[in-house]
Structure formats: C-alpha cells, structure tokens
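Chains as they are written, first to last, in this note's numbering: chain C, 1 to 203; chain Z, 1001 to 1203; chain L, 2001 to 2203; chain D, 3001 to 3203.
Glycine residues also receive a C-beta, built at the ideal position from the N, C-alpha and C atoms.
Small disclaimer: the values here were computed from a predicted structure and weren't measured.
Taking it in order: structure first as structure tokens, then the write-up.
There are 4 protein chains.
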Amino acid sequence: MYPAPLQKLIEYFLKFPGIGPKQATRFAFFLLKESDGYRGNLARTIAELGKEVAVCKQCYRSIQPNTNTLCDYCANKKRNTEMLMVIEKEIDMENVEKTKQYNGLYHVLGGTLSPLEPSSPEKLHLKELFNRTKTLVETHKNNVEIILATNATAEGDATALYIQRILEPLKIKITRFGRGLTTGSELEYSDPTTITNALTNRK
Amino acid sequence: MYPAPLQKLIEYFLKFPGIGPKQATRFAFFLLKESDGYRGNLARTIAELGKEVAVCKQCYRSIQPNTNTLCDYCANKKRNTEMLMVIEKEIDMENVEKTKQYNGLYHVLGGTLSPLEPSSPEKLHLKELFNRTKTLVETHKNNVEIILATNATAEGDATALYIQRILEPLKIKITRFGRGLTTGSELEYSDPTTITNALTNRK
Amino acid sequence: MYPAPLQKLIEYFLKFPGIGPKQATRFAFFLLKESDGYRGNLARTIAELGKEVAVCKQCYRSIQPNTNTLCDYCANKKRNTEMLMVIEKEIDMENVEKTKQYNGLYHVLGGTLSPLEPSSPEKLHLKELFNRTKTLVETHKNNVEIILATNATAEGDATALYIQRILEPLKIKITRFGRGLTTGSELEYSDPTTITNALTNRK
Amino acid sequence: MYPAPLQKLIEYFLKFPGIGPKQATRFAFFLLKESDGYRGNLARTIAELGKEVAVCKQCYRSIQPNTNTLCDYCANKKRNTEMLMVIEKEIDMENVEKTKQYNGLYHVLGGTLSPLEPSSPEKLHLKELFNRTKTLVETHKNNVEIILATNATAEGDATALYIQRILEPLKIKITRFGRGLTTGSELEYSDPTTITNALTNRK
C-alpha cells in the first residue's frame, strides 16, 4: 500500500518489542519526515552497534570495545566477588544497582528458557555460568552464593529451576529472590500464590 | 436539581467506597426504576443489618446473631489456637483461607491507623488484640505467634509497627507477612523497595 | 460464607449497574461498619422513594409529588413548546441543559428497545410520545420538530428508527442528533462509520 | 551508563513518537541482541529512505521514485478532481479510503500549525495548497469543493481556520468534516461541545 521502502521499514519496526502495526507505521512516517542527517546518524549507529559494543567477557554486560574486556563492576576490586546474581537482562542490573544494597557481581543470562524452543538453553549464557561458578568455588571455597534473580514469571521460574539443577553438582549455596507482598499490595487484591508466599516467608 | 429524595439518595451513595457523583446518580435512578418490592427488601435488609449481623466476640468476624458468640473458625477445635493472624478487614480473611495454607485463628482490626485522625486507634480492635494475646501467652506459653498481615501500604506498615510496640511487653514471637516479588512481577518494572526486599529475603 | 443478611445485601448490590462481586462485598461491609443512624436514613430514603418521587405527567422527568404535576421545564412558559427532544434517560437531560443551546421540551423514554425482550416497547413511554406529539401537531401545525437524541449505539439507533416509524403518520419534522467527529477525535483513530458520517455531514 | 553507541541509540529512539526512556532502552537492547544482518538491513532502509521514497508532486503522498511524479490517486482519471480533501497526515488518507465513500483527491498538509512555533506554516504544504486550489478554480469554475478534514483537536481547528482565511480570496466552497456523536457515544458521557454540535447538526 505504501511505497516499498516504507513498507519494509514498517515490517522491521513490527519486530521491535511491544510495537504493533499502528505504531510501526507512525515510526516509518516519522523517519520519512525527519532530516537526512538524523536518518543517516541513526542508520550508522544501528549498523555499527555490533562493532561498537562489546560484552564483558565475564558477566556479559555490554561495554565499550577496545578498552577493557571486563565491565566496571567485574573490574572493581571493592566488589564482593563471592556473590553472583544471575539476571535475565542487562536492564535488570540497573534496577538492582538503584537499591544500593548489592555489592556482588552479576551474570547476564540474555533471556529465559523457552519451552517452545528446544535450542533456547544454548542461546543463554548457561555454560559460561557453570564454568564461572566452578572457578569461583575453586577459589573461594564455601563462601560462594549464587542469587537467582530471574523474574517471578513462569519463564523466570523455569529458568531458575534449570540453573539450580545444573549447578547442583557444585554443592554451593544457591538462593532465589524472595517472594511476598510487593510495595503497595493489598491482601484484598492479592492472588493465592502471593499470599501463600507472604505467609511462608513471614519474619 | 433532582427531587429532594433522589438528591438525598445520591448523597448517601457518594459515601460508598469508590463511588463518584456519576455512579451515585446512576444508582439513584436505577432504584427509582426498580419495583417497590425490590426497594422494600433492600431497605429492610439495610435497616436491620445491625440487628441481624453480630460479630464474633473473639476475632470480630461477622456472624449470625442468637446462635453463637464465636465464629466458625474460633469455635473449630481443629484450628491451631497458638497462631493469630492480624488482618485489616474481614474480606482479607477470605483470601488467606483460599490458600489453604493457614490453620490458625484471626483477629480483624477493622481498619488501619490514620495519621490524620488521632482517635483512630480507639476504633480498631487493638485493646482487644492486646488482651487476647495476653490470655494466649498465659495459656500457651512460648509457642504463641502473632502474624501481622496488614497491607503492604504506608497505613498498613504504620499499623503493624504500632501493634509491634504495644505487644512488645508480652515478649512473644511477632512476624510480618513476607515482602518480595509478587507473582508475575518483573525486575525491569519493580520499585527499589521491592527489589531490596526480594534481595534481603532471598532464600 | 458470610452471615445471611450480608449475603443478601451483596446480592442486592450485584443488581446495581456496573457492580461486580468484589465491589458489592465492599458495599455490604461498608454498611455493616456504618452507624445505625446512617443505615436507617438510607433505608428510609430507599423505601419511600416511590412515594416521595413522582414523574412529570408530560415528559416523565422525576419531580417532587404533591406540588405539581408538571416539571419545571414543562411548566416554564418561556420554553419553546414546538420542539420535543426524545432522550433515553433523565440524566441525559442534564447534559443537554449544560450546553445552554436548547430551549425546547423533553420526553424521557425510560430506556431503549431491547431486541432480546419483546415486551420492551411497552416499558418505554412510546404511546405517550405518540399522543403527546399528536396533540402538539394539532396545536402548532407545521412548526413541530421532534429531535431524536438517543445514544449513538446499536440500541439507541434501533429505538430512534422505531420512533420514526410510529410517528410517520403524523407527517412532522423528525430530526436525529448529528453524527461526526467528537471533540478531540483524530482521523487516525476514528472508525469508518464515524469518518463516513463526518464526510457526509461536512458543512 | 551504557556504552556510548547504546546510549546514543537510546537518545535517537527517544525522539520517536510516543517513546519514553524505558521503551527506548528496550529498543536499543533489542537491536543489540539482533543479528548483524537484521541491523544492517534496517540501517540501510533508514539511510536510503530519503532517496527511495519520493512524494507525489501534487498531493504530497509518499510514492516510489523514478516511476511517476504523481501518486495512484492523483493519476487516476476516474477520481473526482473537483473535490480536494485536506488532511494532516498521510495515515489519515488510508482511513478515509476505507470508508469507500470518497472519490475525490487529497492534499497532505504534513502536520498542523503549532502556536509555539512561528515558522510552522512554512513547514506545511500551505502555499502549495493555495496554488493547487487556484489552478483548480481556473479549470473547474464553480464546482470546486475543499474539504477540511483536519483532526477535531485545538491544533486541527486552528489549522482549518487558517486555511479558510488564506483560501477566502478564491471564493470557493470550503467545508469542514461534520461534528457530532461518534459511533458508540452516549449522551451521559458526552462533553457539552459535542452535544452542542450534535444538536446543531441534527438532520
């Protein structure tokens, strides 16, 4: 219906997370009205993203390439190296940092296990997590703690369970993010699982 | 604007929880169109509510009068009498029961402390909670546990804190409903307090 | 689950427009906590609503009884008696009055035709509308206008169509509320029928 | 906080219509995880959008370059060339076409007047609209109709008013999209302006 390049652009935007046909169309027309300069800069940034962004070879957080192979956190000697928090996405890291309550290191999985996609475990940094944990155990002995901070969703739970199983042979302390009432939640509107968790985890 | 009785009715409905002028007006006109029979029955039920509904003299749950002075739970010998869950409203009790994970007794506060209303403690069943807990301690010694299951809101927290202080002299175990991730919550959209709780209460 | 009177009250509230089980329960517990005085007053107002509120014998707007048989508008000599706006509910009248653009009279239908309820025409003031219009025509001759201001919904449209048919023999001017873009509406988010109306009714 | 290219990308996405920091960040990380191929294709499409998409020299609809200088509609001999519908955005055109009720031509303004941006009239295709209308009048004499189909918003209304003023010297028929009740709207929830329009435009 629209000229081919616009139509192609709409289809690319449709793959963006949370974007439907109406908004994809708006994005395409927005770009069409923007200047050649803006479009050129955006295109260049997208095209070179792979070359310009590297990942920390230890925790898979994104970093500037050609400078370090480790991210700020992994390189920071004041961080507690005996604690490893496993998170689904790099964005989650930022939210944990905001609490200023955690001083350990991270491990970015890069997603969750997908029951519909048998090859999904290979896409996550699971083997790397196993090897990293193994080295940790050899160095720090009994003090190591792996904190599974995947989301409280079906996928997050399945992924945490899977990790617990593959790390079991290492015989280390593995904890999960606590469940219960979230800030602002009322009993009247809480689901049974949350109330059960709140009851079980009372203290 | 409307005839006086309609106007009065609208004003009464405006006091109902969560009802604004538009909906109060709809309720009034709805009743105006209903039959004399329906209106009569509704009016009678409302007028005699105070006489027809009593409260359990132990936990303040609403009960049928003239039959018992205790509710089903308080009268049930199979319930664990050493555990007392303090809840804000009777509706909360139903949600806890749905989990089938709790077999102790309840204590309905009848609301929360209101910082703007100095007399609010007198409206809650706090003195009764103190006396009931004292008797419990005298009977069961060290095994008593008071579970504070007020909402995870500012009012619920203030009320729980207040109860902890007044029960302190009794030197018993007091717990609070656990905090953390609620079913379905994602780290990306969680507030710092919830993440801090999830981290602290990991297990 | 709750004592019988509470349970009954919850069921009565479930009949209120737009009220589900959660809110009906909240209403019941709200009333249980209110004073005997409030409950008594509310009950009395509801019980006597039928006796205390009459309807204008001409337009079916609700009025105070024992004073007049006509409402303010119908009794007002400055109103244009040649225009009659047919509305579904009395509440709609208030919204039309707010515009200060209409000086004619009203006719409250008391609802819409319901395709699932064959007796619904009898519940509406349709025969009265016919007779009132007939008298109007006899008095004012050619200047009479009936404005059909039913909602722009399927039911409102069906009702307007039905009225047009029954008033046809009187050979008077019958108009319908105009269709088109509502304040704030954007073409990008408008449905085809609305755009068609906006196009047809351009001026 | 994030590596520079990611940070830059987030800032570019923040300029997209309706996109806030959270979603811009998700887009950036989404692209980071995508393949080099996808990123390369997207970047190329964006970079060459300006060269690959032209606009119809008559109505400013986007078209494939090097083929025609006129869009399908402008080139279609069966279209009524005496009617010109002025729309804000190309997307609006699609919604009007869906109604299958309009067979005239279009004129894409490219936006609305912005009271905060004095130079905004120059960005819109207003001078082109004037010239096009003038030519139309010279060819078709009295039968020309300009339909102003800007949105029913403050900006859309201001723009329509401005166009009416600049086209006034041409002494042609200028109409605006009709106002009134939108499909599904109820009087009880309609604003006074909409009811006034529905009343004025009754028919």
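- prompt: Is N3095(D) buried or exposed, if buried means 16 or more other CB atoms sit within 10 Å of its CB?
  reply: buried
message: DSSP three-state label for L226(C), please.
response: The structure shown does not extend to residue 226(C), since chain C spans only 1 to 203, so no value can be given for it.
message: the ligand MN and L2170(L): does any heavy atom of the ligand fall closer than 6 Å to the residue's C-beta?
response: Looking for the ligand MN in the displayed structure turns up nothing, as the structure carries no ligands at all.
query: Is C157(C) close to chain D, meaning its C-beta is less than 7 Å from at least one C-beta of that chain?
result: The question names Cys, but residue 157(C) in the sequence shown is Asp. With its beta carbon at least 7 Å from every one in chain D, D157(C) lies outside the interface.
task: Could you say which of K171(C), I146(C), L124(C), L113(C) lies nearest to V86(C) if we only look at CA atoms?
output: The candidate whose alpha carbon is nearest that of V86(C) is I146(C).
- request: Note the first and the last residue of the continuous beta strand (DSSP E) segment covering T3150(D).
  value: Segment: none, T3150(D) is in no beta strand (DSSP E) and carries neither H nor E.
- request: Could you work out which residues of chain Z lie near K2008(L), taking near to mean beta carbons separated by less than 7 Å?
  value: What K2008(L) touches in chain Z: T1045.
- prompt: For N2131(L), is the classification buried or exposed, using 16 other Cβ atoms within 10 angstroms of its Cβ as the cut-off for buried?
  reply: exposed
query: Taking the beta strand (DSSP E) that K2098(L) falls in, what are its first and last residues?
result: Counting along the chain, K2098(L) falls outside any beta strand (DSSP E), though it belongs to the alpha helix (DSSP H) covering 2090 to 2098.
message: Considering only their Cβ atoms, is the gap separating L2113(L) from A2054(L) smaller than 7 Å?
response: No.
message: Closer than 8 Å between beta carbons: that is the criterion. Which residues of the region 1090 to 1101 of chain Z meet it against chain C?
response: I1091, D1092, N1095, V1096, K1098, T1099, Q1101
C-alpha distance - K173(C) paired with Q3007(D), whole-angstrom precision: Their backbone Cα atoms lie some 36 Å apart in a straight line.
query: What residues in the region 111 to 128 of chain C bring their beta carbon closer than 7 Å to a beta carbon of chain D?
result: none
message: When you compare the CB of P3192(D) with every CB in chain L, is at least one pair closer than 7 Å?
response: Chain L contact via Cβ: present.
- request: From the DSSP output, read off the bridge partner residues of S204(C).
  value: Since the first residue of chain C shown is 1 and the last is 203, residue 204(C) is not available in this structure.
message: Within 10 Å of its beta-carbon, does A2267(L) have 16 or more other beta-carbons around it, so buried, or fewer, so exposed?
response: Here chain L covers residues 2001 to 2203 and nothing more, so residue 2267(L) does not appear.
Under 8 Å by beta carbon: chain Z residues contacting P2005(L): T1045, E1048, L1049, E1052, V1053
- request: Note down, in chain order, all residues in the region 1062 to 1082 of chain Z with a beta-carbon under 9 Å from any beta-carbon belonging to chain L.
  value: Residues of the region 1062 to 1082 of chain Z with a C-beta atom less than 9 Å from some C-beta of chain L are S1062, I1063, Q1064, P1065, listed in chain order.
- request: Starting from H2140(L), trace the alpha helix (DSSP H) both ways and give me its first and last residue.
  value: 2126 to 2140
- request: State the DSSP-derived secondary structure class of K2077(L), mapped to helix, strand or coil.
  value: coil
message: Within 7 Å of any Cβ in chain L, is that where the Cβ of G1020(Z) sits?
response: no
task: Answer with buried or exposed for N1142(Z), where buried requires no fewer than 16 other C-beta atoms within 10 angstroms of its C-beta.
output: exposed
message: On the criterion of 16 or more Cβ atoms from any shown chain inside 10 Å, does K2089(L) qualify as buried, or is it exposed?
response: buried
query: If you drop the 5 nearest sequence neighbours on each side, which residues of the same chain put their C-beta closer than 7 Å to that of N201(C)?
result: G178, R179, G180
- prompt: Using a C-beta to C-beta distance shorter than 8 Å, which residues of chain D count as neighbours of T25(C)?
  reply: I3091
message: Beta carbons nearer than 8 Å to chain L: which residues of the region 3178 to 3189 of chain D have them?
response: G3178, R3179, G3180, L3181, T3182, T3183, G3184, S3185, E3186, L3187, E3188
- prompt: What distance in whole Å lies between the Cβ atoms of A1154(Z) and R2039(L), which are believed to be in contact at a cut-off of 8 Å?
  reply: Not really, about 30 Å apart at Cβ, beyond 8 Å.
- prompt: Quick one: is Q23(C) buried, meaning 16 or more other Cβ sit within 10 Å of its Cβ, or exposed?
  reply: buried
field: For L32(C) and L3049(D), believed in contact at Cβ under 8 Å, the rounded distance
entry: 6 Å
query: Quick one: Cα of K3098(D) to Cα of R3079(D), how far?
result: Spanning the alpha carbons of K3098(D) and R3079(D) requires a straight line of approximately 15 Å.
- prompt: Along the chain, where does the beta strand (DSSP E) that runs through K3173(D) open and close?
  reply: 3173 to 3176 is the extent of the beta strand (DSSP E) around K3173(D).
query: Between K203(C) and chain Z, is there a C-beta pair that is closer than 7 Å?
result: For K203(C), the answer is yes, since a Cβ of chain Z falls inside 7 Å of its Cβ.
message: According to DSSP, simplified to helix, strand and coil, what is R1202(Z)?
response: If DSSP states are grouped into helix, strand and coil, R1202(Z) belongs with coil.
message: Which residues in chain Z have a C-beta closer than 9 Å to the C-beta of L199(C)? List them in chain order.
response: M1085, V1096, T1099, Q1101, Y1102, I1147, A1149, F1177, G1178
task: Would you mind reading off the limits of the alpha helix (DSSP H) that contains Y12(C)?
output: 4 to 14
field: Exposure label - G1156(Z); buried when at least 16 CB within 10 Å
entry: buried
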